[in-house]
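Written out below as structure tokens is the structure these notes cover.
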Amino acid sequence: MPDLIAARSQMGMSLIFHIIFSVLGVGLPLYMCIAEGIALRHKDPEWMMLARRWAQASVIIFAIGAVSGTIVEFELGLLWPNYIQFIGAVIGPLFAFEGFAFFTEAIFFGIYLYGWDVLPPRLHWLCSFPIWIAGLASTWFIVTTNSWMNTPTGFEFTGGRLTGINTIQAIMNPSTPYETVHMALACYVVCGFAVAGVYAIMLARGKRTAYRRKGLALGLAIALIATPLQIISGDFNARYLSRAQPTKLAAMEGVFNTSSHVPLHIGGIPDPRTEKYYLSIDIPDGLSLMVGYNPDTIVYGLNEVPPQDRPNPIPIHLAFDGMVGSGFFALFIAALFWGLYFLRKKRIPEQRWLLWGVVLASILSFVAVELGWIVTEEGRQPWAIYRHLRTSQAVTTAPFLPVSFTVFFALYIALSITMVVLLWRLARKPLPVMAWPTVVSGPHAENKELNEELKVGL
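At position 270 of the sequence shown (counting the first as 1) the number is 270 in full-length UniProt numbering, and the numbers step up by one without a gap.
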């Protein structure tokens, strides 16, 4: 058991760090693409400078994420050899596909970075599309692997051996559309609030320039679009769990006994020993209505499975409520920002309390995506591959796991510090005066304030 705890702790720690790098690495290239498109459309040098700055940040995050992802793949073989043996025979091609997407992204990043002053402007902009599309494809391939762990298909398991393997059926497992859409939207939500949070800090500190206002506005615009879609996809995902993984849904909502007219518990702590809720706000019939749009809908409880097959509802429910609460708070801030924007006749609201609210929303968006993965992974326990391979059966028997945990923890701390330092130095680096035709001969030629803004960083 100590080995299992050490292996799970190390894997969980690695994923906590890697998810941060991943969501930023997937989301920021799209923002870069949009900023450059707006710049070309309106011949606006401020948007072009945002695109250039975000391109530099994207490359830093891409490099750190590549190292982090390599470590995770190494740990899969190091910590979970039986899992790799099982999954490699069925869904292994997904890792190869992800490799192709990774190299596509890397190649076009090189073309994009070194083609600013070489390629025609519109051709250069088109080179940004393979970057964010390949990043999105990488997310799809990796999350599909996790989907298969939750609803494994495409094989037969007889006599302790895998037979009748159908990789296409495995890839298109029932959970794929739900999980992949949910995670892709999470990347854009988190990145949107992260971008907005950076510029909100600058504006709150008195550095109020049009350059920063546009960065703030784009981040919150995409966040406002993606967050409601994220919430809707989460609702579909939870409803699907009632059929595919009823014990996970039961743990998320702390349902112990199968019944209809099940209330929805907001907050609180479900106690597995007494099978009661404490300190929760209950909405009568709420969960039954959400699952089947009918108060008579039956929701299966944790008591339907043996105790050794049940996940612990306490951390799962708390993580789920924390995820939902963080998401709704972030959505409220984005909606409030744009509501004030239109009330003020399309002027960016710059009240300090609102700007710091944006900063808090950016932090909570990261919290939400971390808690969401805790729900996904903890809710499947005690299974590594649902109902086919237990986590305790997948773990390595090699010694010194606490030592490897310490080594990898130090490595991820070093990667995180490296990324923060590099991004901070990039933010502090003055932007060059824009050598774009519009600065010299366009409508901004006489705007000395603009040229001064382009000489500063964030």
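Heads up, the beta-carbon is just placed ideally off N, CA and C, and yes, glycines get one too. All values reported here derive from a predicted model rather than from experimental measurement.
- Residue pairing by DSSP places E179 opposite no residue, since no beta bridge is assigned to it.
- Contact between S14 and V72 holds, with the beta-carbon distance rounding to 5 Å and staying under 8 Å.
- For G301, the secondary structure class from DSSP, reduced to helix, strand or coil, is coil.
- Check the Cα spacing between I64 and each of T391, V359, G25, P295: the tightest is with G25.
- Bounds of the alpha helix (DSSP H) holding S9 are 2-42.
- Beyond the five residues adjoining it in sequence on each side, W338 comes within less than 8 Å, by CB distance, of L220, A221, L224 in the same chain, given in chain order.
- Residue environment analysis places D44 among the buried positions, since at least 16 neighbouring C-beta atoms fall within 10 angstroms of its C-beta.
- The three-state secondary structure of T139, taken from DSSP, is helix.
- Counting C-beta atoms within 10 angstroms of its own C-beta, G99 has fewer than 16 neighbours from the protein chains shown and is therefore classed as exposed.
- The segment 306-318 and the segment 254-274 touch, with no fewer than 3 CB-CB distances between them shorter than 8 Å.
- Taking C-beta atoms under 8 Å as the contact rule, G192 and A226 qualify, at a distance of about 6 Å.
- The segment 380-397 makes contact with the segment 71-86, as at least three CB pairs between them are under 8 Å.
- When secondary structure is reduced to three states using DSSP, L389 falls in the strand class.
- DSSP places A398 outside both helix and strand once states are collapsed to three, so it counts as coil.
- Within the DSSP secondary-structure output, R161 pairs in a beta bridge with T158.
- Taking 7 Å as the cut-off, the Cβ atoms of T145 and I231 do not count as close.
- For P313, the uninterrupted alpha helix (DSSP H) segment begins and ends at 313-343.
- H124: not part of any beta strand (DSSP E); member of the alpha helix (DSSP H) spanning 121-126, first to last residue.
- Per the coordinates, the alpha-carbon of W356 lies some 14 Å from the alpha-carbon of K207.
- DSSP links D282 through a beta bridge to H265.
- In this structure the segment 46-57 does not lie against the segment 159-178, because fewer than three pairs of beta carbons, one per stretch, are closer than 8 Å.
- P93 places its beta carbon less than 7 Å from that of T167.
- The residue from F129, A89, V67, A101 with its alpha-carbon nearest to that of I34 is F129.
- W383 is bridged by DSSP to R390.
- Taking C-beta separations shorter than 8 Å and ignoring five residues to either side along the sequence, the partners of D3 in its chain run V395, T396, T397, L401, following chain order.
- T418 and F320 have their C-alpha atoms some 31 Å from each other.
- Between I333 and L76, the alpha-carbon positions lie close to 39 Å from each other.
- With a beta-carbon spacing of about 6 Å, F17 and S416 fall inside the 8 Å limit used to define contacts.
- Contact annotation: S242 and V262 have beta-carbon atoms that are not nearer than 7 Å.
- Contact between the segment 194-201 and the segment 357-365 is present, with at least three C-beta pairs closer than 8 Å.
- Boundaries of the alpha helix (DSSP H) harbouring V369: 352-378, taken from the DSSP string.
- DSSP places S260 outside both helix and strand once states are collapsed to three, so it counts as coil.
- Under DSSP, the beta-bridge partners assigned to P270 are Y277.
- For S138 against A101, the beta-carbon gap comes to about 4 Å, under 8 Å, which counts as contact.
- Here D296 carries a coil assignment [DSSP, helix/strand/coil].
- Minimum Cα-Cα distance from A89 among the listed residues E36, A170, I38 corresponds to A170.
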